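If you're matching them up, the sequences are chains Z and P in order.
Residue 54 in this note's numbering is what sits at position 24 of the first sequence, and the numbering runs on without skipping anything.
Residue 223 in this note's numbering is what sits at position 193 of the second sequence, and the numbering runs on without skipping anything.
Backbone N, C-alpha and C define an ideal beta-carbon position, used for all residues, glycine too.
Just so we're clear, the structure is a prediction, and the values are computed from it rather than from any experiment.
Report on the following structure.
There are 2 protein chains.
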Amino acid sequence: MALNTQRPLEGQYLEKLQDYYAEHKVIPSYSVLAGLWGVSAKSWVSECVKRFEEAGYLGWTPDRQLKPGKRFFERRVADAPVQAGLPNPAIAEGYDFVSSIDEMVVRVPSKTELIRVKGDSMVEAGIHEGDFLVVEKQHNANVGEIVVAIVDNEFTVKYLGRERNEFVLKPANKAFPVIRPRGRLEIYGVMAGLVRKVFR
Amino acid sequence: MALNTQRPLEGQYLEKLQDYYAEHKVIPSYSVLAGLWGVSAKSWVSECVKRFEEAGYLGWTPDRQLKPGKRFFERRVADAPVQAGLPNPAIAEGYDFVSSIDEMVVRVPSKTELIRVKGDSMVEAGIHEGDFLVVEKQHNANVGEIVVAIVDNEFTVKYLGRERNEFVLKPANKAFPVIRPRGRLEIYGVMAGLVRKVFR
DNA sequence: TAAGGTACCGAACATTCGTTCTGTCATCGG
DNA sequence: CCGATGACAGAACGAATGTTCGGTACCTTA
Numbered sequence: 031m032a033l034n035t036q037r038p039l040e041g042q043y044l045e046k047l048q049d050y051y052a053e054h055k056v057i058p059s060y061s062v063l064a065g066l067w068g069v070s071a072k073s074w075v076s077e078c079v080k081r082f083e084e085a086g087y088l089g090w091t092p093d094r095q096l097k098p099g100k101r102f103f104e105r106r107v108a109d110a111p112v113q114a115g116l117p118n119p120a121i122a123e124g125y126d127f128v129s130s131i132d133e134m135v136v137r138v139p140s141k142t143e144l145i146r147v148k149g150d151s152m153v154e155a156g157i158h159e160g161d162f163l164v165v166e167k168q169h170n171a172n173v174g175e176i177v178v179a180i181v182d183n184e185f186t187v188k189y190l191g192r193e194r195n196e197f198v199l200k201p202a203n204k205a206f207p208v209i210r211p212r213g214r215l216e217i218y219g220v221m222a223g224l225v226r227k228v229f230r
Numbered sequence: 031m032a033l034n035t036q037r038p039l040e041g042q043y044l045e046k047l048q049d050y051y052a053e054h055k056v057i058p059s060y061s062v063l064a065g066l067w068g069v070s071a072k073s074w075v076s077e078c079v080k081r082f083e084e085a086g087y088l089g090w091t092p093d094r095q096l097k098p099g100k101r102f103f104e105r106r107v108a109d110a111p112v113q114a115g116l117p118n119p120a121i122a123e124g125y126d127f128v129s130s131i132d133e134m135v136v137r138v139p140s141k142t143e144l145i146r147v148k149g150d151s152m153v154e155a156g157i158h159e160g161d162f163l164v165v166e167k168q169h170n171a172n173v174g175e176i177v178v179a180i181v182d183n184e185f186t187v188k189y190l191g192r193e194r195n196e197f198v199l200k201p202a203n204k205a206f207p208v209i210r211p212r213g214r215l216e217i218y219g220v221m222a223g224l225v226r227k228v229f230r
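As structure tokens, this is what we get:
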């Protein structure tokens, strides 16, 4: 099936382009696009590209090269629970859009870094071994925030706490002790988010 | 300055291309590249592209279109713990490469969706209320995977288990019961990742 | 049943693409 | 002082690109 009257721009064409882009990181030429879409006329590709452009899914560089538009990377977000008994759950209520995962979790790209979590001293805060912590680099933090501190030349992820005017690092796991650093506590950054990838 | 003998491939050329790509999300044509680099011969561009290709920064689609290579996006991911006493912790050991959070967690954009988690039936699997589950939509899954199922017209996130030839949904929280669906079990998708945003 | 719209096909065409090959001008080791 | 090497310039060329235009088959709506 192809682009039809009901869902003129949310059809398979865009999805195939997006998957192609995810694989190759480039927008293909019209002839390649024709092959991708299973049509044989470049003129038709040209027509569809115009529509995607008007809808904000595609755009042009200053040199008139086709490129992804603002909405190209947007991803649907569903609230659960949601009505979903229908044959096509996609038409259910409760959807929102997010332009990209990066954008929702990193505010300041130049100060943001990923750190892979080792150990399970923070499991009770939902931070598991192998997770990627999104860290916003800064040297101070508020009590209660989860921080990345440098202790004994190693990164440590802990809650920042305070005990009689001294900062302490509290794990979220009863099996681990509270760390009371002697001297200065060096903070590397604070947790801004978390990303977990499941291997399958 | 341009490509020189000392740093033939890590010079300004690559950086300018990367900046262009970051802005437009496309690799430009050779003539545009020439302009970008401040040179005037496409032949020279062609030469440099070959070198970037050999170094893994550029590649080709099956249709022989120029595209970013594996190393084009490389960005540091720190392992924790890691040596970090130095003035610039970025030079520490233990780095991996990742181009964007989106890319590490979504393989097939057209089948991937975010679902905001409600409730804490999966806390022991590190899935908390308010987290965003990255879901790859598909109708079947393997036992042991975390799936999004449709139960009573609502999305439910649970482990997929099996009890005497019947599929069951197992929570990761002792306070919740195992769900034994009467009749068919409708699977919406399987967990491919998780994203948490910390509000601050 | 006629009119109009939609979803495509196919050919023609000027423009632009990337490649190739030849040429120039510094630099540098010997 | 000389020959090699590297960093580019410039022209030529076939192949591929995207646009335009005319055409067809189907489906609505009136």
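Since residue i meets chain Z, which of its residues come closer than 8 Å, beta carbon to beta carbon?
i, result
"P:V69", "Correct list: empty, because the minimum Cβ distance to chain Z is about 16 Å."
"P:A145", "In the sequence under discussion, the amino acid at residue 145 of chain P is Ile, which differs from the Ala named in the question. Near P:I145 (Cβ distances below 8 Å), the residues of chain Z are V107, A108, D109, A110."
"P:G192", "Before going further, note that residue 192 of chain P is Arg rather than Gly in the sequence given. By Cβ distance, chain Z contributes nothing, its closest Cβ being about 18 Å from P:R192, past 8 Å."
"P:R101", "The contacting residues do not exist; P:R101 stays about 13 Å from chain Z at best."
Determine the chain P residues that contact residue i at a beta-carbon separation under 8 Å, and present them in chain order.
i, result
"Z:P58", "T91, D93, Q95"
"Z:G156", "V153, G156, I157, H158, D161, R226"
"Z:A52", "E133, V136, R137, V138, P139"
Please report whether the beta-carbon of residue i lies at a distance below 7 Å from any beta-carbon of chain P.
i, result
"Z:R214", "no"
"Z:V173", "no"
"Z:A64", "no"
"Z:E159", "no"
"Z:D132", "yes"
"Z:E84", "no"
"Z:D49", "yes"
"Z:E104", "no"
"Z:E123", "Low local confidence applies: a pLDDT of 45 at Z:E123 is under 50, so the model's placement there is unreliable, and no value is given."
When you compare the CB of residue i with every CB in chain Z, is at least one pair closer than 7 Å?
i, result
"P:K227", "yes"
"P:K55", "yes"
"P:G219", "no"
"P:G115", "With a pLDDT of 36 at P:G115, under the threshold of 50, the modelled position of that residue is not reliable, and no figure is offered here."
"P:I209", "no"
"P:A202", "no"
"P:Y189", "no"
"P:A222", "yes"
"P:V79", "no"
"P:V181", "no"
"P:V198", "no"
"P:N118", "Low confidence applies to P:N118: its pLDDT is 37, below 50, so where it sits in the model is not reliable enough to give any reading."
"P:V177", "no"
"P:L44", "no"
Does the separation of the CB atoms of residue i and residue j fall below 7 Å?
i, j, result
"P:L163", "P:A179", "no"
"Z:F127", "Z:E104", "yes"
"Z:E175", "Z:V208", "no"
"P:R192", "P:V173", "yes"
"Z:A64", "Z:V75", "yes"
"P:V228", "Z:A202", "no"
"Z:E143", "Z:D150", "no"
"Z:P91", "P:H54", "Pro is not the amino acid found at residue 91 of chain Z; the sequence shown has Thr there. Cβ atoms of Z:T91 and P:H54: closer than 7 Å."
"Z:F197", "Z:L224", "no"
"Z:V56", "P:K72", "no"
"P:D93", "Z:V79", "no"
"P:K141", "P:K167", "yes"
"Z:M152", "Z:V187", "yes"
"P:R146", "Z:D109", "yes"
"Z:W67", "Z:Y43", "yes"
"P:A171", "P:I217", "yes"
"Z:D161", "P:V138", "no"
For residue i, which residues in chain P fall below 9 Å Cβ to Cβ?
i, result
"Z:K72", "Per Cβ cutoff of 9 Å: no residues; Z:K72 is ~14 Å from chain P at best."
Check the Cβ of residue i against every Cβ in chain Z and list those closer than 9 Å, keeping chain order.
i, result
"P:V75", "The contacting residues do not exist; P:V75 stays about 14 Å from chain Z at best."
Taking 6 Å as the cut-off, is the C-beta of residue i nearer than that to any heavy atom in the ligand NAD?
i, result
"Z:D182", "The ligand NAD is not among the ligands present in this structure, which contains no ligands whatsoever."
What residue ranges within the segment 154-208 of chain P form continuous alpha helix (DSSP H) runs of no fewer than 4 residues, ordered along the chain? none
Counting Cβ pairs, one atom from each stretch, are 3 or more of them under 8 Å apart for the segment 125-145 of chain P and the segment 129-145 of chain Z? Yes: the two stretches touch, three or more of their Cβ pairs being nearer than 8 Å.
What are the uninterrupted segments assigned as alpha helix (DSSP H) that are 4 or more residues long and contained completely in the segment 60-94 of chain P, given in chain order? 60-67, 72-84
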